[in-house]
Amino acid sequence: GRNASRGRRAQGEPGGRAVSAGVVEGRDVKSMPRAELADLVTELTDQMMNAARNLQFELAARLRDEIADLKKELRGMDAAGLQ
């Protein structure tokens, strides 16, 4: 039914990274270099688009939210002058 997938983790994309609550592969995004964060945003955007194409809208929405958080972190780095 409609709520069948609620509470379960979505299947990851092949070769994708585990992303949850601002943590990527067990590392805090705040400790990642800016360039690596930017690459991650690009990678997650591709995964989000692929999920949407495959009608996996809940996964796409979670990725969208994570991308927004990462972009916010990037803006903070830019404001602080960090590389």
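First residue of the sequence shown? That's 1107 in my numbering, and the numbers climb one at a time after it.
Glycine included, every Cβ here is placed at the ideal spot set by N, Cα and C.
Query                                                                                                                       : Result
Cut-off 8 Å between Cβ atoms - residues of its own chain near Asp1171, not counting five sequence neighbours on either side : none
Met1154 classed as buried or exposed, judged by whether at least 16 other C-beta atoms fall within 10 angstroms             : buried
C-alpha distance - Asp1184 paired with Val1135, whole-angstrom precision                                                    : 14 Å
Between the CA atoms of Asp1145 and Met1138 - distance to the nearest angstrom                                              : 11 Å
Ala1167 classed as buried or exposed, judged by whether at least 16 other C-beta atoms fall within 10 angstroms             : exposed
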